[in-house]
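Following: one structure in C-alpha cells, then a few remarks.
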Amino acid sequence: MNTLVETISRGDIILEFSYLLAAIFFVIGLKMLSHPDSARRGNLWAAAGMLLAMVTTLVLHREGDPLTTVKTGNLIIILAAIAVGSVVGAVVARKVKMTAMPQLVSLFNASGGAASALVALIEFSNPENQSALVTLLGLVIGSIAFSGSVIAYGKLDGKMKDIFAKWMSYVNLLFMFAVIAGVVFLMITNAPMETKQVLVYALLGLSLVYGITFVMPIGGADMPVVISLLNSFTGIAAAMAGFIYQNQAMILGGIFVGAAGMILTLLMCKAMNRSLLNVIIGAFGGGGAGSDKEAGTIKEVTVTDAAVLLSYSSKVVIVPGYGLAVAQAQHVCNEMEKLLESNGVEVKYAIHPVAGRMPGHMNVLLAEADVPYDKLVEMDEINPDMPNTDVVVVIGANDVVNPAAFDDPSSPIYGMPIIKAYEAKNIIVMKRGMGKGYAAIENFLFYDEKTRMLFGNARDSLQKLVTEIKSL
Amino acid sequence: MDTILEFFYANKEAIFIIALTIFLGIEVISNVPSVLHTPLMSGANAISGVIIIGGIILVGHADLNNLNQGSNLLNLILGIFALFFGTLNVVGGFVVTDRMLEMFKKKKK
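Below you can see the structure in the form of C-alpha cells.
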C-alpha cells in the first residue's frame, strides 16, 4: 500500500504548505501595515509572501498527464515576462512624483484587473475548466476594475473631465443588467463552444464599457473612494481565478484584499458622511449649492499684510489641500512653519481625512517635507480649537473647509464633516484663482468677512511669505 | 437549485475560507489611523496582484509544441500579457508602498 506522500509527491505537499505560509504572510503584512511603527516591515512581509508563492509555483506546480512541473521553455518565457514587468513596475514606482502617487496606485490596480480578466478569458476556453461561473465572474469583475481604474487614473491625472448627466445613471443601470444577463445567459445556454467563445468576448467588451460608464460620472472628492472600491474588485477577481485553480493562496489573498478594500471604502464614505450608494449614483453635478444666494465680495490681502498677520499671531492652523500637492509646496510650507515657530507662533496642520486625492494624501506629502507627526492634527481634534485660532491658512483646499457642508442642506456636500475654518478669528485662503473646488460647488468661506484671499500658485505665494516674514 | 447546492458542496472548503477571510479582512483593517490609509490601500493593491500565480500556472503549462493548434498561440500571448500586468501590479505596488513608508520612517528621530 502506498503512503499518501508517495501518491501525491512531496513537492505537491510543500507547494500547498508554501501557499499556507504565503497567506499567513499576507495577513501579517497587512496587519503590520496598519500601524505606523511596523508599516514598512509589513509591506516587506507581504512582498515576501508573494515571492514565496511565485517561486514555489514555478518550481513545484504540476499539471497535465503525466503530471509534469513547468518545462524549461515555458520557464524562460515566464521569467522573461516577470523580468520585464518587474523592471517597468519598479522604475515607474521609483521615478514618479509624490503628487502623482494616487494616479499610480490606480494604474497598478488597472494592470492587476487586466491580468485577472486575461487569465479568466483564457481559462474560459479551457475544456478542463469546470468552474464556468467563477471564470465569468473573474472576467467581468477584472475588466470592470481595469477600465474603471484607467478612467480613475485619467481623472486624477487631469487628462479627463467629469462628465455627468442624469441619463448616465440609467445607462449605467442598463449596462449593469446587460453584464449580469450576459453571465446568466452564458451559464445556462447550450450553445456550442464556438458560439460561447464569441459571446465571451462580447461580455468582455460590455464589462469594459461598464467600467468606464461606472466611474465616468463619479467625480469630485469621491475619487479616493472609487480607487479603494476598484482595488477591492481586483482582489475579488483574483480570488475568482483562484477558484479555477483551486489555489488557496489566490483565494485567500484575493478575498482578504477584497474585504479589506471594501472596509477601507466604507471607512472613507463614513469620513464624508455619505453612503457608498450615494457616492456611486449620486454623482456631484455642478452648481447645486446656493446658486440663488448672494455671493458677496472677495477681499484680497497683500503678502506683506499676510506676513504681519501671521507673525503676530499666537496660534496658526494650516489647512493643506490638493493645491499644495499640485504646487509641490510642502517644503516651503514647512519652511514657513519653522520660521513662524521660531518667532514664537504655535503652528499646527489640520488634516481632513479626504483632503487631496486620496485619504492620507496630505500626511504622505507633509511627511516628505519632514513635518513632524505631532504637528499633523486630525479634523475632530482640531475643530474644538478653531475659535481660539488666530489665523487659519487654507492652502489649496476647498471643499473640506466649505461651510455649505454644515449650513446648506441643498448642497451636494451637505453633511460632510469639515474643518471649521470659518470659526477662526482670521482666515487666509491661498488659491490659484476663483475656480471652484473639485466638487465644483461655490465656497462661501471665501466671501466670509474674516477671509482674505491670496491668489497665486501656492509655492510662489508661500515663498514670498517666507521672504516677507524674514524681513519683518 | 440543485446546481447551487452542488456548487456549495463542491467548493465547501473554499467557501469556508472566504467567509472567515472576509471577517479577517474587516478585523485587520478596522482602527487604522488615516495617516496610513494611502500606503495601506497601495499595499493591499499589491497583494491583489496574487493573480500572477494564475499567470504562472497558465503560461507554465501552455503546450509550446502545438502552438498552431486552435487558439493555443493566442492564449499563450494573452497569458504572457497577464503575467506582465500581474508582475507590474505586484512589483510596482510593493515598491511604491515602500517608497511612501520610507518617508514616514525618515520622520522618526
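Chains as they are written, first to last, in the numbering used here: chain A, 28 to 499; chain U, 1074 to 1182. No residue lacks a Cβ here, since even glycine has one placed at the ideal position from N, Cα and C. Remember, it's a predicted structure, so these values are computed and weren't measured experimentally.
* To do: Let me know the secondary structure DSSP gives M1074(U) once reduced to three states.
  => In this structure, M1074(U) counts as coil in the three-state DSSP scheme.
* Please work out which residues of its chain come closer than 6 Å, Cβ to Cβ, to G56(A), disregarding the five sequence neighbours upstream and downstream, and give them in chain order. => The residues are G69, W72, A73.
* **Delimiting residues of the beta strand (DSSP E) encompassing E405(A)** => Annotation: the continuous beta strand (DSSP E) that includes E405(A) extends over 403-405.
* **Within chain A, partners of N1148(U) - CB distance below 8 Å** => The answer, in chain order, is I149, S152.
* What do you reckon, are the CB atoms on A172(A) and N136(A) nearer than 8 Å? -> Yes; because the gap between Cβ atoms is below 8 Å, this pair is in contact.
* **Residue environment, V118(A), which counts as buried when at least 16 other CB atoms sit within 10 Å** => So V118(A) counts as exposed.
* **Minimum C-alpha distance to M128(A) - residue among T292(A), A352(A), I109(A), N370(A)** => The shortest CA-to-CA distance from M128(A) to any of T292(A), A352(A), I109(A), N370(A) is the one to A352(A).
* Tell me, please, whether the CB atom of K124(A) is closer than 8 Å to any CB atom in chain U? => So no, K124(A) is outside the interface.
* To do: Report the three-state DSSP secondary structure of E373(A) (helix, strand or coil).
  => DSSP places E373(A) in strand when its eight states are reduced to three.
* **Limits of the unbroken beta strand (DSSP E) element including M457(A)** => Segment 453-458, the beta strand (DSSP E) holding M457(A).
* Interface residues of chain U around I104(A) at Cβ under 7 Å? -> Neighbours of I104(A) on chain U, chain order: V1132, I1153.
* Asked: Name the chain U residues whose beta carbon is nearer than 7 Å to that of K58(A)?
  -> From the beta-carbon of K58(A), the residues of chain U found nearer than 7 Å are V1101.
* When DSSP builds the beta bridges, which residues end up paired with L481(A)? -> Its beta-bridge partners are M457(A).
* Asked: For the ligand SAM, is there a heavy atom less than 7 Å away from the beta-carbon of M59(A)?
  -> No copy of the ligand SAM occurs in the structure displayed, which carries no ligand at all.
* Give the single residue among N156(A), T331(A), L42(A) whose Cα lies nearest to the Cα of V86(A). => Taking only the C-alpha atoms, the option nearest V86(A) is L42(A).
* With distances taken Cα to Cα, identify the nearest neighbour of N500(A) among L293(A), F151(A), L336(A). => Given that chain A is displayed from residue 28 to residue 499, the structure contains no residue 500(A) and the question cannot be resolved.
* Asked: Any idea if F1081(U) is buried or exposed, counting beta-carbon neighbours within 10 angstroms, 16 or more meaning buried?
  -> Classification of F1081(U): exposed, given that the 10 Å Cβ count is below 16.
* Asked: Hey, does F1089(U) have any beta-carbon neighbour from chain A nearer than 8 Å?
  -> Contacts with chain A at 8 Å (Cβ-Cβ) do not include F1089(U).
* Quick one: Cα of T1160(U) to Cα of L78(A), how far? -> Between the alpha carbons of T1160(U) and L78(A) lies a distance of about 11 Å.
* To do: Spatial neighbours of I282(A) within its chain, please: CB distance less than 8 Å, with the 5 preceding and 5 following residues excluded, ordered by chain position.
  => Cβ neighbours of I282(A) within its own chain (closer than 8 Å, five residues either side excluded): G262, I263, A266.
* **Three-way DSSP call (helix, strand, coil) for K1181(U) in this model** => Residue confidence for K1181(U) is low, a pLDDT of 43 falling below 50, so the modelled location carries little weight; the figure read from the coordinates is stated next. Coil.
* Residues of the region 1074-1085 of chain U whose Cβ lies closer than 8 Å to any Cβ of chain A, in chain order -> Along the region 1074-1085 of chain U, going in chain order, the ones with a CB nearer than 8 Å to a CB of chain A are F1080, N1084.
* To do: Name the two residues that bound the continuous alpha helix (DSSP H) containing P251(A).
  => 250-272 is the extent of the alpha helix (DSSP H) around P251(A).
* Asked: Taking Cβ-Cβ distances shorter than 9 Å, what residues in chain U pair up with A276(A)?
  -> Chain U residues near A276(A): V1123, I1126.
* In the DSSP assignment, find the beta strand (DSSP E) that holds I345(A) and state where it starts and stops. => In the DSSP assignment, I345(A) falls within the unbroken beta strand (DSSP E) covering 342-347.
* To do: Output the distance between the C-alpha atoms of I278(A) and A50(A), rounded to the nearest integer angstrom.
  => Taking the CA atoms as reference points, I278(A) sits about 9 Å from A50(A).
* **Complete alpha helix (DSSP H) runs within the region 1101-1177 of chain U (minimum length 4 residues, chain order)** => Segments of the alpha helix (DSSP H) lying fully in the region 1101-1177 of chain U: 1110-1120, 1124-1133, 1145-1160.
* To do: Identify the continuous alpha helix (DSSP H) that holds I103(A) and give its terminal residues.
  => Segment 99-122, the alpha helix (DSSP H) holding I103(A).
* Asked: Mind checking K274(A): buried by the 16 CB within 10 Å criterion, or exposed?
  -> According to the sequence provided, residue 274(A) is Asn. The question's Lys does not apply to it. Around the C-beta of N274(A), 16 or more other C-beta atoms lie within 10 Å, and the residue is accordingly described as buried.
* To do: Decide if G1127(U) is buried, meaning its Cβ has at least 16 other Cβ atoms within 10 Å, or exposed.
  => The residue is buried, with at least 16 neighbouring Cβ atoms inside 10 Å.
* **Reduced DSSP category for I422(A) - H, G, I as helix; E, B as strand; rest coil** => I422(A): strand per DSSP, three-state reduction.
* Using a Cβ-Cβ cut-off of less than 7 Å, list which residues of the region 1136-1147 of chain U approach chain A; keep chain order. => Answer set for the region 1136-1147 of chain U: L1137, S1144.
* **Exposure label - M220(A); buried when at least 16 CB within 10 Å** => Exposed: under 16 other Cβ atoms inside 10 Å.
* Which residue comes first and which comes last in the alpha helix (DSSP H) that contains G140(A)? -> Taken as a continuous stretch (DSSP letters only), the alpha helix (DSSP H) holding G140(A) covers 128-151.
* Name the chain U residues that come within less than 8 Å of V456(A), Cβ to Cβ? -> Chain U residues near V456(A): none, gap ~24 Å exceeds 8 Å.
* Under the assumption that A141(A) contacts G350(A) (Cβ atoms under 8 Å), give the Cβ distance between them as a whole number of angstroms. => With 8 Å as the limit, A141(A) and G350(A) do not qualify as a contact, their Cβ atoms being about 33 Å apart.
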